[in-house]
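Note sheet for the following structure.
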Amino acid sequence: LNRRLAEFGTTIFAEMSALATRTGAINLGQGFPDTDGPEEVREAAVRALRDGRGNQYPPGPGVPELRAAVAAHQLRFHGLTYDPDTEVLVTAGATEAIAASLLGLVEPGDEVIALEPYYDSYAASIAMAGGTRVPVTLRPTTEGPGTGRTYRLDLDELRDAVTDRTRLILLNTPHNPTGTVLRRDELAAIAELCVERDLLAVTDEVYEHLVYEGEHLPLAGFPGMRERTVTISSSGKTFSFTGWKVGWVTAAPPLVTAVRSAKQYLTFVSAGPFQYAVAEALALPDAYYTGLRDDLRAKRDLLAHGLGQAGFGVFSAPGTYFITTDIRPLGATDGTAFCLALPERCGVVAVPTQVFYDHAAEGAPYVRFAFCKRREVLEEAVKRLRDAP
Ligand code: PMP
Ligand code: GLN
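In UniProt numbering, the protein residues as written are 29 to 417.
Now the structure itself:
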């Protein structure tokens, strides 16, 4: 293993899911739904397979139907206009979009700012691109241990992190793992900073439809950002098909060209028949999107309530699949040790938030639980956590 990748090892998600399998524990670690997405979308994939659409290499930028559907989605939900021919690129999930964006836009030695704790592929992708990551820490507000506690971005710290070598800000909202959604004033300040210091932004918006309070605002919609933002999303979370790995990028033509230049040598193309199915999924009526959100909101409430009863400090989770908890009220301080022991103790797997930090001490007492699971699974997990010795 080369020096760029040596620090990364196996992803925490693979590690914790393997632990769940080995111990037979309920897996609230890795964020994937335990119910597949809409029947009609699965049927659309089968039809594409059967009709021979996408069984051979699809076009490099993605099939025209999906590019048109992505552009229509950006307009319908966010009021953003993109040309499907020059400003949309289909990728192998958001993961490839993130990697290809960094590989296509970052020069070796460039600094990339990311909000810590961050999704684990960011650090590895920055490293593969030869960039230097500069973490800016989201910190828990001090509003007490109960729900209502949340994470905030310190804008002064963000401003101070920018240097002459900063190339881009890699942003994620709604934010994994904290469950935070960046507010309008925070995004406006980030946009101003990008314009003032001539930075690019790469925004990971895979949880764009999973917002339970407040709203998701794409950074690309802020003044001066349309031309300097690579917006990334994916069908995994929005349609509950995390195994299909269909993602996309929307951006101005020069940025799409840069991302595509890297993408063509990573995977070239992927997921032919699934691209047609996702095109149909994106056109589902509003009721689908609100139904998904309402279902997940109820699950979040169930798990948040149960975690509180079990003695955890529970952060509010206005977005994503995840609830962050503070284990100190339980008398524990090391999230990693806590998560490694939890399956034996009570048959539940969670993820230590610590692994998403460069400043690991900042994240030590926090543990992330996923709530994208069936009600009865969440209820059983809550029961086990409440009864844990
Ligand atoms: N970004 C974030 C913040 C995620 O949580 C995930 C996991 N779904 C991804 C990117 C990866 O998305 P995909 O499965 O589409 O590659
Ligand atoms: N995004 C999911 C999570 O944060 C899992 C993705 C993965 O396993 N790579 O749990």
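Glycine included, C-beta positions come from ideal geometry on N, C-alpha and C.
Residue nearest to E404 within the set E372, R32 and D62 is D62 (criterion: CA-CA distance). Within the model, the alpha-carbon separation for V410 versus T119 is close to 37 Å. The C-alpha of P301 is placed about 11 Å away from the C-alpha of E71. For the 9 Å CB-CB criterion, V209 and G341 do not form a contact.
As the crow flies, the alpha-carbon of S344 is around 7 Å from that of I351. Burial state of G207 is buried, judged by a 10 Å Cβ sphere holding 16 or more other Cβ atoms. Judged by DSSP in its simplified three-state form, D354 adopts strand. Between V134 and T278, the CB-CB gap reaches or exceeds 9 Å. Three or more beta-carbon pairs separated by less than 8 Å link the stretch 241–249 to the stretch 96–109, which places the two stretches in contact. Restricted to the stretch 256–306, the beta strand (DSSP E) segments that are unbroken, complete and at least 3 residues in length are 257–262 and 275–278, listed in chain order.
The beta carbons of A73 and Y304 sit closer together than 9 Å.
Ranked by how close their Cα comes to the Cα of Y240, the residues E35, R31 and L324 have L324 in first place. As DSSP reads the structure, D184 sits in no beta bridge. Collapsing the DSSP output to three states places V410 in a helix. No Cβ-Cβ contact shorter than 9 Å links N83 with Y150.
Counting every other CB atom within 10 Å of its CB across the protein chains shown gives E35 a total below 16, marking it as exposed. As summarised for the stretch 313–361, the continuous beta strand (DSSP E) elements at least 3 residues long and confined to that stretch are 350–354, given in chain order. Collapsing the DSSP output to three states places L56 in coil. Ligand 1 never approaches T278 closely enough for any of its heavy atoms to be under 8 Å from the residue's Cβ. Note on geometry: alpha-carbon atoms of T285 and Q58 lie some 32 Å from one another. Assigned with DSSP and collapsed to three states, Y385 falls in coil, not helix or strand. Less than 9 Å separates the beta-carbon of L198 from that of L130. In its chain, beyond the 5 residues on either side, L130, L131 and V134 have a beta carbon closer than 6 Å to the beta carbon of A157.
A307 is positioned such that its CB atom lies no closer than 9 Å to that of A125.
Segment contact: the stretch 394–401 against the stretch 328–336, three or more CB-CB distances shorter than 8 Å; contact assigned.
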